[in-house]
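Protein chains in written order, with the numbering used here: chain A, 1 to 178; chain B, 179 to 573; chain C, 574 to 1300; chain D, 1301 to 1401. Inspection log for the structure reproduced underneath, given as structure tokens.
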Amino acid sequence: MFDSVLFLLSAILIVVGSLGVLFIKENIMHACVALLTALFGVAGAYAVLGADFLAATQLVVYVGGVVILMLFAVMLTGGGAANENKFGIEKIPAMGNVKTYIIAGVNVLVISLVVIKIMANVMQDYKAVALPAYESTVEKLGTLLVTDHVLAFEVSSILLLGALVGAAVIARPIGSTK
Amino acid sequence: MNEGLISFLSQFDGHKAFVKMISDFAGTDATSTISFFIYLAACLAVVGVMATIGGLGTYAERKISADLQARQGPNRVGPFGLLQMLADGVKMILKEDIIPSAADKPMFIMAPMLCIVGVFGSLAVVPFSSGFILSDLNVGVFYLLGISSLVGVGIFIGGYSSNSKWSMLGGMRGASQIISYEIPVTLSIIAIVVLSGGMSFGTLIGGQGGFPHEWYILHNPFTFIAFFVYFIGALAETNRAPFDLPEAESELVSGYHTEYTGMRFAFFALAEYIEVFVVCGVAAALFFGGWKVPFDLGTGEAFSALPPIIAKNIGQILQLGSFFTKTLLLYYVVIWIRWTLPRLRVDQLMTLCWKYLTPIALFNLIMIAVWAYAFDGKSMFELFTAMGSGSTGGH
Amino acid sequence: MDYTITTVAWIVLLPFFAFVINAFIVKKVPNVAVGISCAAIFGSFLLSGRIFFDFVFGKYSADYHVHKVFNWFDLNGGGQEFVMKMGIYIDNMTAMMLFMVTGVAFLIHIFSTYYMKEDTRYGRFFVYMSLFTSAMLGLVLSDNLISFFIFWELMGFCSYSLIGFYYEKEDAGNANIKAFMTTRIGDVFFLLGILAIYFQVGSFTFVDIYAAISSGMFTDATVTIFGFGLPLALIASLAIFMGTIGKSAQFPLQVWLPDAMMGPTPCSALIHAATMVAAGVYLSLRMFPLYEIHPFMLPFIATIGGITALGAATIALVQTDFKAVLAYSTISQLGYMVLGVGVGAYNAAFMHLITHAIFKACLFLAAGSVIHSLHDHHTHQHVQEMPRMGGLKNKMKFTWFAMWCCTFAIAGVPFFSGFVSKDRILGDALVMAMHNPYYWFPATLGFIGALLTAFYMCRMMFLAFHGEPRDKDLYDHIHEEKFSWNRNLPLLILALFTLGVWFSGSLTGQKLVKVASDKVEWFDTLIVKPKTENFKNYQKQNWGPVDIKSTISFPVSKYDSNHGLSEEEAHHVHSVHSIGAIASIIIAFSGIFIAFMMYIRKSWNPGWWVNTFSTWYRALQNKYYFDDMYIKGIIQKGLIPVNNFLAWVDMGIYDKYAIDGWEKVNRCAFTVSKWFDNIFVDTIAVDGTGASVRAFNVILRTFQSGKIQFYIIMIILVLSSYIWSLA
Amino acid sequence: MNSMYPFLFLSFFMFVIGLGVMIARKNIIAMLLGIELILNASALNFVTYTRFVNQNLDGHIMSLFIIIIAAAEAAVGLAIVIRFFQVRESIHIDDAAQLQA
């Protein structure tokens, strides 16, 4: 019962958040909060799926890191301020218009057709198995990370370091030499 | 998955009998329903107690600052001014709820909620005693870190949505400070996780004992350093002095909650005080043995003369006392620091985090891992005693 | 002893690395650069010392040598055989040269830390010195003429740099150009000589050349020049000897050396007195078997040496500049060495090379010590003029002492090294004169030169150190000389080695040098002419880094008091030597006596001589008008008209007709091709291609919009259709 | 929850919405939000299959790496956005159609 309630809550958060990301047009800040909602929902879905470590990671990485980073980026790129920049372009962060939404709708339709076709195949082939009880995945994940997937683990650490340095270098203000 | 209150309660016959009775009455298995209601009750209790503690925090802050400044402090409402917080609360509730016209209204409303949600969400894993923990998640500390970072988002959005430059600056400062200091704090916590071999608070506290020499803070020199890194970082994460830059009243009026009034402001204040309590509790659990009581009195086996239910509950109460004593002592230290040290500049704040605490914490993590590998996880005192008995062929 | 190239090469490489390192750091930390230079040369000194003691005390035959080679580059193929090999060649002479060069250079480095201390380019001086020392050591170790020539030119460059060290002075700039150009004349001939030998022998190495000589390759070989068949041996010898003339400042190319005194005094000591100029003599000694072939060659060499010895000595008589006297004495002494080569006094010439290097280095350092102390407070210049000196003995005890030791040595006073070596050269000259009357000419020149040498050296000493101070103001400003390790210690050490005992060995008994059985004449024993027949079997062998001692056993050297002559002949030679020795002693003391009477007692007035022989005096003061002759005669009358003529040919004929005419032809062709280019290439080919590409681009450009979302849409559509067709 | 399909449809929904965001929006930051949605959708899909099909936790590992890559992508992407804003004073995606600033 807990599971079902939690899943329903998560699904509602995901759906509402995703739609918010797509349709909130006035303020990118609100879209960010909508994304936060959706990501929270994904964390809940992870919990329902028994991925306890992933759920906590989702919280730490997205809520604590990515979303705040997004919010920072929004602030640093002018937020919702409305005026013209030096090139005469409107500085309002363009959020799209009817034309783009129609194009997006067509594309989404196309890809939905494809995915639904694939999912139909999957549903045909799927045989239900007995679900295991919930158990802690932390130890197993740790063991897997440093045995089977150790190369990917190390490479990802280098990737993160590169991203850190790269982001710091790229976002440096123009003209600063330090 | 859910070790905690239910598993503790289900040891007792009374619980089983009650479940059986309700199941018979309803005709279906009512275990989970009853668990749900027990949880509900426990959560409400915790929220209530914590809100009280948060309120008492404001009182303690005033009283201690008055002590430090040789003043009287609140002394009119109730004995020793204890009811001052109630008076404040009433004032807050009755105040007009002002939303600035230029504010981003939905987010302005949402910001204090996010703070409160983050803090109360983290209470779910705070180990008050071996039995009274709402949920002993196996990723407990990790979960606590994740959920409490909602506070940062709340502060940021509060600062942004107020549409005021003071609030904006405060919010930006708060968010950057919180995500920066999360790194040394997390690294210090991971160091303890490496030592104990688990992330749930049960494992973390179970590796320690009732006496100081069995605590992780005295486990080896690096954990000793790790505690101070954690504590400094935690002060910065909760925006406490000397890191209270987001709400620096001399620079930013009142920071991110400048524009807030009434209960919304109270939420922010309450969130801050409860978060201080939470980080102090985590510090107590990680470094000071948590709810462990000396001589294993906490298990209640020492009182086996009494009926088990009473014995166990006496043990639980001793554990609660142990935990709260440690936590509140740390709480006192936090307040003491606030009224003693001057505030840092922003660049000093960032320098402290990135140039000192983070490298120290990294070094600590590596050295603790080395220690755990080299000495097989033994603490310094165990090594000393092993050396003492080494001549007789111990080990 | 087991030598390999990698162990021996460090002698050369240490100073060279010091040069490379210092070249980079000298601007920042000159003191460190100086330290590195001194340490490097000291390291070389130790390594050379090992080789020296190994060879001198090693009981090897005089002909024993170590010869190791490696392939430098290999151009074999296409029917041509050309492998350039580099290597080391160590025999007794090399070992002694190494020890002498490194030792003297080290002491001069030490002295330079005193002399150059206040100079603004303190560090740079040591950079050049390191490079120079490295080049000199490389030259000494060379086993073939090509690497010999490379290092020879490298030394020429260092000499150029150091002469022009004070490049602010115009004189210094002129002097270094003069030195460089003058020696270049000799070097061109030297290179020609090397090539002449290569075309006959097919190899550059000394060993192969010796082998070729012994197998008679040079005996009848001729070379045709302008239709005349001339003996190859003579041409090659003359060409190579021209190198010696240039480098060792022999007549008639001696003009550069006095001007080279513009450089700092320590570099004069090292380069223009002790070592580099001796490299010419060293070359002559190495190529001695070649010189012996043609009977014309040795008398010619002896004549050049004699003329140089006497001519330079006469010029030195009238010089008033302190260093100029020493410069001319250097030329004169080099003349003696060449004279020694010319009369076949192989080991005497080499011995004079060594002894001269030591006492002349000491003399120059002492001169540096004097000049450094004499500071004119009006012009802020160092004083070199002897008329302004006098009575310096009281102020500079150590310098005075060291300088007298060297003066005795150079003057040929018994028990000093100069006597030992110069007496032998003159004695051998006398012996040769007994056999061949022609040799009376160079021998006589040599004896007169010896008299003059003793006279002018003592004149210099008396004028500078004795008598009353002639410039009171200058004298009073001199600081009393106190003993200091980097000013006086090198002087005293060098002065110690001006004693003859080190070289003749007659006072030391048999224990010092165990190379001889009965009598210890270690120089005689160790240094003998290369016996070319020993090398006969080696020609064109594939030398590898193997010690040849394992394949050929050399007998232990024995001192042969008869020098391979018959008993009667040897007796004759000994008596002639005795006569020569006595004559030398008399001559030396008479020179000193004349100088004493003129400048101390003042009984004989030098002015009388000047007035009586005023024409000669003017000629001497103008250095026999050699500079004037070169400039006015050869350059202005000869080279400049030729140059003008060539310039006229170039400008007036070639440029005017050939180039301008070709331009007109080209202009016509250009007009035609321009028309073709405009019509066909540009309009049709290039523009047509561009237009067609542009037309096609109109279609393609719509896809390359740069708009990311367009790309995303395209990706989605393409992927969707692909997956749809698969799934 | 005993069925796989709710999760799959949830994931599909997030993916499609993310795609729509990437096409419909002209704001670069909003497009980055869409990318986050797409990445999360795929991560959820992996975890779903782990739970319901093979239970060997490789899907969890995959999701973990997706989260890592998403974090790196967000950091670098937002840095590029900020840089772009410094240069062009705009975060309109069609202003980024030139190779030269």
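From the three backbone atoms N, C-alpha and C, an ideal C-beta is built for every residue, glycine too.
Residue i in three-state terms, based on DSSP
i	result
V524 (chain B)	helix
G387 (chain B)	coil
M288 (chain B)	helix
I798 (chain C)	strand
T1275 (chain C)	coil
N1356 (chain D)	coil
L1072 (chain C)	strand
W645 (chain C)	strand
K1102 (chain C)	coil
K658 (chain C)	strand
A582 (chain C)	coil
F791 (chain C)	coil
D314 (chain B)	strand
A419 (chain B)	coil
H1052 (chain C)	coil
N- and C-terminal bounds of the alpha helix (DSSP H) containing residue i
i	result
Y359 (chain B)	K343 to S374
T817 (chain C)	L805 to K820
T1012 (chain C)	Note on residue identity: the sequence assigns Tyr, not Thr, to residue 1012 (chain C). Run containing Y1012 (chain C): none; DSSP gives neither H nor E here.
R240 (chain B)	T209 to L246
Q262 (chain B)	Q262 to L272
T693 (chain C)	Run containing T693 (chain C): none; DSSP gives neither H nor E here.
G180 (chain A)	Because chain A in this structure spans residues 1 to 178, residue 180 (chain A) falls outside the shown range and cannot be described.
Beta-ladder partner(s) of residue i, from DSSP
i	result
E958 (chain C)	C:D894
I663 (chain C)	C:V639
H1392 (chain D)	D:N1327
T518 (chain B)	Paired residue(s): none; T518 (chain B) is not in a bridge.
A949 (chain C)	The amino acid at residue 949 (chain C) is misidentified as Ala; the sequence shows Asp. Answer is C:Q954.
M709 (chain C)	Per DSSP, none; premise fails for M709 (chain C).
T77 (chain A)	Answer is none; T77 (chain A) lacks a bridge partner.
N543 (chain C)	Beyond the ends of chain C as shown, which are 574 and 1300, falls residue 543 (chain C); an answer cannot be given.
F989 (chain C)	C:L1072
Close Cβ partners of residue i (< 6 Å) along its chain, the five nearest in sequence each way excluded
i	result
R1388 (chain D)	D1395
I1328 (chain D)	V1381, I1391 and I1393
D744 (chain C)	M835
V639 (chain C)	Y576 and I663
Exposure of residue i, with buried meaning 16 or more beta-carbon neighbours within 10 Å
i	result
I271 (chain B)	exposed
V1088 (chain C)	Note that V1088 (chain C) scores a pLDDT of 40, beneath 50, so its modelled location is shaky and nothing firm can be said.
T1244 (chain C)	exposed
E437 (chain B)	buried
S707 (chain C)	buried
C840 (chain C)	buried
K1055 (chain C)	exposed
8 Å CB neighbourhood of residue i in its chain, flanking five on each side removed
i	result
F625 (chain C)	A668, M669, L671 and F672
A1330 (chain D)	V1321
Close Cβ partners of residue i (< 7 Å) along its chain, the five nearest in sequence each way excluded
i	result
L1003 (chain C)	A1016, V1149, I1152 and G1153
L54 (chain A)	Y46
K1247 (chain C)	none
I1158 (chain C)	P987
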